[in-house]
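J.:
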Amino acid sequence: MSASRPPRQLGQLWLSRAREFTREPGVLFWVFGFPLLLAVALGIAFRDRGAERSVVLVAETGDAQASGALVEALAASPLLEPRAAPAPEAEERFGRGEGLVLVRLGHPPETAFDPARPGAAVAAAAVRDALERAAGRRDVLDVREATAVAPGRRYVDFLIPGLLGLSLLSGGIWGVGYGVVGMRVKRLLKRLAATPMSRPAFLASFLLHRLSVAFLEAAFLLVFARLAFGVVLRGSWLDLLALIVAGAASFSGLGLLIASRARNMETANGLMNLASLPMWLLSGVFFSTSNFPGWLRPFVDALPLTALNDALRGVVNDGHGLLALLPQVGILLAWGIVCFALALRLFRWQ
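Heads up: the sequence shown begins at 356 in the working numbering, then just goes up one per residue.
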């Protein structure tokens with residue numbers, strides 16, 4: 356009888372651990388849900404489209420015949436997907452990370468690429484090979500190569516604004532949300548409900564605190580990027596600060612909305628994951644949103660992190676002002692206002 360007790364105890368202990376596991380939505384999500392969502396998002400972005408082709412941007416000039424011949428020569432390669440655009444647009448799209456190589460027309464043509472970006476050097480070699488093959492048939496000149504080392508055109512210049520946007524997202528949703536839910540779990544909100552404090556003032560205090568912390572986060576990241584990688588701000592500091600305020604306010608409103616009714620950390624954790632995961636995967640933090648198919652782009656473009664990342668890259672890398680970024684600013688403000696208004700309506704002290 357006593358000999359069988361340890362195995363029975365072990366079985367009961369294992370069963371209790373298994374029940375605890377199945378009762379934690381956050382644990383279940385990270386174990387089963389997150390890998391699935393990651394596989395779906397990256398599978399769509401880098402879906403099977405036949406032979407994998409590297410996107411090459413062709414900067415068109417007034418010579419339509421030369422541009423057409425260049426695009427045709429690149430399209431003959433099974434490794435390249437040429438996309439022609441007017442020169443200013445092609446330069447801007449290259450800075451946004453939409454192509455691995457930029458080809459400028461000239462005598463001879465010139466390619467630009469960032470050797471630090473994965474796959475860029477291989478794509479540049481394929482471009483050179485395609486043009487050399489075309490030269491053997493059509494007297495096309497050899498190609499010149501130039502590495503994209505100028506600030507604003509490297510992969511690190513694409514990455515830093517995305518990381519800044521991701522930092523504002525995490526601080527707004529997780530920082531604010533956990534703060535409110537933690538006070539509810541500790542029954543501090545119940546005590547505050549007995550004071551003359553109003554709900555708008557209470558929620559606005561979280562928003563104000565988040566804005567002050569967001570400035571420190573942004574300053575730390577941008578100074579580090581400037582000293583370590585030479586990332587420079589091409590636009591206005593005032594425009595950048597306005598975007599930081601809009602982004603922090605938008606994500607803080609979302610965090611307050613999530614925390615307005617959540618009664619425990621488990622529920623809050625699941626809701627925060629549900630809100631943030633699509634943006635982590637789809638909003639172009641590490642790679643361009645142009646990788647996603649056209650039917651998914653309206654949903655991707657409507658996400659607040661996508662709007663913030665595009666606007667930050669427009670100011671930091673391209674020197675745009677807020678007037679040129681009104682659609683992105685409008686999306687951020689709409690998310691922030693709607694989420695904060697809903698949080699005010701739904702918030703409960705207990």
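Note that beta-carbon positions come from the ideal geometry of N, C-alpha and C, so glycine has one too.
Values in this document were obtained by computation on a predicted structure and should not be read as measured data.
CB leucine 523 to CB leucine 629, shorter than 8 Å?
T.: no
J.: So, under 8 Å CB-CB, valine 706 and leucine 588 are touching, yes? Tell me the CB distance rounded to an integer number of Å.
T.: No answer is possible for residue 706: the residues shown for the chain start at 356 and end at 705.
J.: Would you call the CB atoms of leucine 455 and threonine 466 closer than 8 Å?
T.: no
J.: Let me make sure I understand the geometry here. Which of Pro682, Arg618, Arg668 and Gly674 has the alpha-carbon closest to that of alanine 657?
T.: Pro682
J.: By the DSSP assignment, the alpha helix (DSSP H) with valine 586 in it spans what residues?
T.: Segment: none, valine 586 is in no alpha helix (DSSP H) and carries neither H nor E.
J.: For the alpha helix (DSSP H) containing valine 540, name the first residue and the last one.
T.: 531-540
J.: So, are the CB atoms of phenylalanine 702 and leucine 558 less than 8 Å apart?
T.: In this structure, phenylalanine 702 lies near leucine 558, with their beta-carbon atoms less than 8 Å apart.
J.: In angstroms with no decimal places, state the Cα-to-Cα distance between aspartate 494 and alanine 679.
T.: Annotation note: pLDDT 47 at aspartate 494 (below 50); position unreliable, coordinate value reported separately. When rounded, the distance between both Cα atoms is 42 Å.
J.: Bridge partners for valine 410 per DSSP, in chain order?
T.: DSSP output for valine 410 lists Glu436 as bridge partner(s).
J.: Tell me the rounded alpha-carbon separation between proline 555 and leucine 566.
T.: 16 Å
J.: Apart from the five residues on each side of it in sequence, which residues of its chain come closer than 7 Å, Cβ to Cβ, to leucine 687?
T.: Ala601, Gly602, Ser605, Pro659, Ala662 and Leu663
J.: Alpha carbon to alpha carbon, how far is isoleucine 599 from alanine 414?
T.: Their backbone Cα atoms lie some 32 Å apart in a straight line.
J.: With C-beta atoms as the reference, is valine 411 less than 8 Å away from glutamate 453?
T.: no
J.: Does the Cβ of methionine 634 have 16 or more other Cβ atoms within 10 Å, making it buried, or fewer, making it exposed?
T.: buried
J.: Please identify the residue among Leu434, Pro441, Glu436 and Leu435 whose C-alpha is closest to the C-alpha of aspartate 418.
T.: Pro441
J.: DSSP state of glutamate 415, grouped into three classes?
T.: strand
J.: Helix or strand or just coil, what does DSSP make of leucine 370?
T.: Here leucine 370 sits in helix by DSSP.
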